[in-house]
Each structure stands twice: as structure tokens, then as C-alpha cells.
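K.L.:
Numbering that gives the first Met the number 0 numbers the first residue of the sequence shown as 0 and each following residue consecutively.
For each residue, glycine too, the CB sits at the ideal point set by N, CA and C.
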Amino acid sequence: MKRTKHFVLDANTLVSAFLLSSTSIAARAYYKAISEGKIVASEEVIDEFSAVFIRPKFDRYLELEKRLIIIEDLKAVIKILPVISNIKACRDPKDDKYLALAVSSAAECIVTGDKDLLVLNPFQNIPILTAADFLEQF
């Protein structure tokens, strides 16, 4: 039996996927990850995404009620996994959670625009890609 591919998308990529046009690079990466496998997240990643996504500065893009629905819909689509790796490798310690999630889930890649993560590409043989690179390579 073939293993389901796991993809880690960071909070900013997810925010961009839902706030920008459905044809944006971030949105296309989100839909491609879903069609090619499963987006995985930890509780910590979901918490970060939710906290960022409800910030008032995004009211001009999408009203809060719709963003709250998107958060719940996302939880139903992704696979929430426990993180079993404790990793401290990123120059921004807040981003270590993505590395730990990717290692714990044996992810195919991490999709991010964060330079603190991109400079580590690859991390333990896991590619760290921009959304555009993800679209080209997967």
C-alpha cells in the first residue's frame, strides 16, 4: 500500500492561501498539497494560524465570521499529528515547530516563504520550498 504524502504549510502560507485570490500561488500550493496527499499540522501550528488569521488587520480582506469558518473547515481537511521530535535548529526559534512537525510526520516538504526556514533547505533530507517551487516540483 502506498503511503500518503504529508506536506507542511506554514501559517503565513495558509493565511495567504485563504486571503488572496484562489489563483494565487499560495492558494494553488494549498490545493495541490490537498490533491497530492495530506496537509499535516500540529496543535501548535493550528494555534498559530488561528491567532494570525483572526487579526483585525485582515478584516479588509475577509470578515471575521468567514475567517472563523475557514479555521474550522481547515481543521476538518488537514491531519493533526503529535510532534515527537524536539528540534532546535532555526535561527528563529518560533519556526522550529515546522521542522519538528516535518520530521515527526516524515513530510515530503515544508512550504514557506520564511527566510529563516528557507536557508535550512533541505533539513534532514526534507526540502523547504517556496510555494512557487512547490508547484514546480510536485
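1) Whether or not the segment 43 to 57 and the segment 21 to 28 are in contact is what I'm after, with contact meaning three or more pairs of Cβ atoms, one per stretch, closer than 8 Å; do they touch?
2) With three or more C-beta pairs closer than 8 Å as the rule, is the segment 83 to 103 touching the segment 114 to 132?
3) Mapping DSSP to helix, strand and coil, what is A25?
4) Count the other CB atoms within 10 Å of the CB of D58; is the residue buried (16 or more) or exposed (fewer)?
5) Quick one, are the C-beta atoms of D132 and D113 less than 9 Å apart?
6) Between E43 and L61, what straight-line distance do the alpha-carbon atoms span, to the nearest angstrom?
7) Report yes or no: do three or more beta-carbon pairs, one from the segment 100 to 114 and one from the segment 0 to 10, lie closer than 8 Å?
8) In or out: S15 buried (at least 16 other Cβ within 10 Å) or exposed?
9) Looking only at DSSP bridge pairs, what is A75 linked to?
10) Span of the beta strand (DSSP E) holding A50?
11) Does DSSP put L61 in a helix, in a strand, or in coil?
P.N.:
Taking the geometry as given:
1) no
2) yes
3) For the purposes of this step, residue 25 is identified with residue 26 of the sequence shown, where counting begins at 1. Here A25 sits in helix by DSSP.
4) One-based indexing of the sequence shown puts residue 58 at position 59. D58 is exposed by the Cβ-count criterion.
5) As a first step, residue 132 must be located in the sequence shown, where it is residue number 133. As a first step, residue 113 must be located in the sequence shown, where it is residue number 114. The answer is no: Cβ separation not under 9 Å.
6) Position 44 of the sequence shown holds residue 43. Position 62 of the sequence shown holds residue 61. Roughly 24 Å separates the two Cα atoms.
7) yes
8) Position 16 of the sequence shown holds residue 15. S15 is buried by the Cβ-count criterion.
9) Against the sequence shown, residue 75 aligns to sequence position 76. Note: A75 sits in no beta bridge, so no partner.
10) Position 51 of the sequence shown, counting from 1, holds the residue named residue 50. Element bounds for A50: not the beta strand (DSSP E) but the alpha helix (DSSP H), E42 to F52.
11) Locating residue 61 in the sequence shown gives position 62, counting from the first residue. Reduced to three states, the DSSP call for L61 is coil.
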